[in-house]
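Notes for the one structure printed next.
In our numbering, the protein residues as written are 2 to 513.
What follows is the structure, encoded as structure tokens:
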């Protein structure tokens, strides 16, 4: 009776049920000749001998794929935020109030929260590459609708389409990057993707200001210019972003996803598309795949860390949406000046990632070289600067606008705040992906849902609070909430994270 090799998707836990136990065993057996190492570090996950394994891709192939994902995460959201600096002229053009025009800026944020719940399950059926290609095309269509719209309703439809398409890169991007790099590399690599996400609102305002200020271009150009860059990204996808899901053969797990029969490459294989095929007994409906991420809401490692980050991130969109209104009225900024104010956030994000990515990788390398049992909670040690700078930046931003006269002070506050946000984004996202690596895409869904829903709501209450109480109160309130919730969320995970995860067990459905 012949035996059949069984296949599972490539993840950090490819070889065993318990990746932490396996890592400990690997570290105790470093001298074994079959254990692959690099620069004294045990490679986790262990790569196969197949050159098509993403872990075995060349340096150029890996970084070209990473850059393409990060580039599209950036430019798709830049298309969302370039319009924000033109809130006032847009309101005049569409014959609506300024407060109504603000909704055109923040509505795509809601789509970034909910649309990935369609993209992620779809990627399980047809693969990540076709989903990312399709979502980019949809984002291009959305930008085209906005730039040609003559009414508020049409513009809003285009913004919804733009947000729905661009959202896929925020959810599937980090998971795809996690497929092609080893554990001790992930902090810095995922940090590149999170940096693109955090800087995109500010880069959008920097670009949008001069475009909208130009009488020959105006606000429509703030959409068709990013549209061109998204088209460039589509070409990059075709050549530099193949399918990152790898079907890894092992005897450790029951079969869940089977590869195509070996032989002549299919039509789709020639274009880098490898559609996952599940065995008949493991077939599930789209509804089942789409709803299973809700299971992760009961896992504290995901929900507690994502909740705290949502509180910290909540005023990110609040600041972005309020700056055009406040700075034009209080400091007599032009549209160009509002756009250039985005440099403060851009500097903060860059400085934050200079700290976050290398710190996370240093923590992992030390633990792996010293032979310590790996715990994702080690990553959380890098978050301390964020606990100081996030509330500190919010307080500086709000109080300096209400009680000060200089426009530079709130921009410094924004720099400090975004410095902390970039650190928190990289640390929390890397932590969540490592806690449940086989459910990385689904865990990222929960993370992005909370982040974007929280931030989407901020413009709705920030404006009334500022009108009634001034700017110091709302920003001071969220500074206090960030500090208050930390010990009950991230603090608990730092203290008892491993015990909490062990008690909760593994979601167990990654094997479909």
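Beta carbons are placed, not taken as given, at the ideal position from N, Cα and C, and that holds for glycine.
Owing to the predicted nature of the structure, the values given are computational and were not obtained by experimental measurement.
Residue 174 and residue 201 closer than 9 Å at C-beta: Along the chain shown, one-based indexing puts residue 174 at 173. Along the chain shown, one-based indexing puts residue 201 at 200. No. Outside cutoff.
Which listed residue (378, 356, 472) has its alpha carbon closest to that of residue 500: On the chain shown, residue 500 is found 499 positions in, with the first residue counted as 1. Comparing Cα positions, the closest option is 378.
Close-in-space but distant-in-sequence residues of the same chain around residue 152 (CB under 8 Å, 5 per side omitted): For the purposes of this step, residue 152 is identified with residue 151 of the chain shown, where counting begins at 1. The answer, listed in chain order, is 95.
First and last residue of the uninterrupted alpha helix (DSSP H) at residue 407: Residue mapping note: residue 407 aligns to position 406 of the chain shown, counting from 1. Here residue 407 belongs to no alpha helix (DSSP H), and DSSP marks it neither H nor E.
C-alpha distance - residue 482 paired with residue 382, whole-angstrom precision: As a working note, residue 482 is residue 481 in the chain shown. As a working note, residue 382 is residue 381 in the chain shown. So the two alpha carbons sit approximately 21 Å from each other.
Residue nearest to residue 392 in terms of C-alpha spacing, selected from 367, 365, 422: Here residue 392 refers to the residue found at position 391 when the chain shown is read from its first residue. Closest option to residue 392, Cα to Cα, is 422.
Residue 362 vs residue 187 beta-carbon contact at 9 Å: Along the chain shown, one-based indexing puts residue 362 at 361. Along the chain shown, one-based indexing puts residue 187 at 186. In this structure, residue 187 lies closer than 9 Å to residue 362 by Cβ.
The alpha helix (DSSP H) enclosing residue 329, as first and last residue numbers: Stepping through the chain shown from its first residue, residue 329 is reached at position 328. That run of the alpha helix (DSSP H) goes 301-331.
C-beta atoms of residue 316 and residue 459 nearer than 9 Å: Residue numbering aside, residue 316 sits at position 315 when the chain shown is read from its first letter. Residue numbering aside, residue 459 sits at position 458 when the chain shown is read from its first letter. Contact: yes.
Residue 282 burial status per 10 Å Cβ neighbour count (16 or more: buried): Taking the chain shown and counting its residues from 1, one reaches residue 282 at position 281. Confidence at residue 282 is low in this model, with a pLDDT of 37, below 50, so its placement is unreliable and the value that follows should be read with caution. Under this definition residue 282 is an exposed residue.
Simplified DSSP state of residue 124, which is helix, strand or coil: On the chain shown, position 123 is the one that residue 124 refers to. DSSP places residue 124 in helix when its eight states are reduced to three.
Alpha-carbon to alpha-carbon, residue 133 and residue 403: The sequence position of residue 403 within the chain shown is 402, counting from 1. The sequence position of residue 133 within the chain shown is 132, counting from 1. Spanning the two alpha carbons is a distance of roughly 44 Å.
C-alpha distance - residue 82 paired with residue 62, whole-angstrom precision: Locating residue 82 in the chain shown gives position 81, counting from the first residue. Locating residue 62 in the chain shown gives position 61, counting from the first residue. Distance between the alpha carbons of residue 82 and residue 62: 30 Å.
Nearest-angstrom Cβ-Cβ length linking residue 106 and residue 322, presumed shorter than 8 Å: Indexing the chain shown from 1 puts residue 106 at position 105. Indexing the chain shown from 1 puts residue 322 at position 321. Sure, about 6 Å apart at Cβ, within 8 Å.
beta-carbon residue 242 near the ligand FAD non-hydrogen atom, thresh 8 Å: The model on display carries no ligand, and the ligand FAD is accordingly not part of it.
contact_flag[the region 319-338, the region 203-221] where n(CB pairs < 8 Å) is 3 or more: yes
For residue 116, the three-state DSSP class (helix, strand or coil): Start at 1 with the first residue of the chain shown, and residue 116 comes out as number 115. Three-state result, residue 116: coil.
Among 348, 307, 474, the one whose alpha carbon lies nearest that of residue 436: Position 435 of the chain shown, counting from 1, holds the residue named residue 436. Minimum Cα distance to residue 436 is reached at 307.
Residue 175, enclosing alpha helix (DSSP H) - first and last residue: Mapped onto the chain shown, residue 175 falls at position 174. Its alpha helix (DSSP H) spans residues 169-181.
Whole-angstrom distance between residue 343 and residue 416, CA atom to CA atom: Sequence index remark: in the chain shown, residue 416 carries index 415 (1-based). Sequence index remark: in the chain shown, residue 343 carries index 342 (1-based). One C-alpha to the other measures close to 9 Å.
Burial state of residue 22, where buried means 16 or more other Cβ atoms lie within 10 Å: The count along the chain shown starts at 1 and reaches residue 22 at position 21. With a pLDDT of only 42 at residue 22, under the threshold of 50, the placement of this residue in the model should not be trusted; the figure read from the coordinates follows. Exposed, by the Cβ-count rule.
Run of the alpha helix (DSSP H) containing residue 64, from where it starts to where it stops: Taking the chain shown and counting its residues from 1, one reaches residue 64 at position 63. Its alpha helix (DSSP H) spans residues 60-82.
Backbone secondary structure at residue 371 - three-state DSSP: Mapped onto the chain shown, residue 371 falls at position 370. Coil at residue 371, not helix or strand.
Three-state secondary structure assigned by DSSP to residue 193: Taking the chain shown and counting its residues from 1, one reaches residue 193 at position 192. Three-state DSSP puts residue 193 in a helix.
Distance, residue 468 Cα to residue 196 Cα: The residue labelled residue 196 in the question sits at position 195 within the chain shown. The residue labelled residue 468 in the question sits at position 467 within the chain shown. Those two C-alpha atoms are separated by around 33 Å.
Meets three-Cβ-pair contact criterion under 8 Å: the region 126-145 and the region 87-104: no
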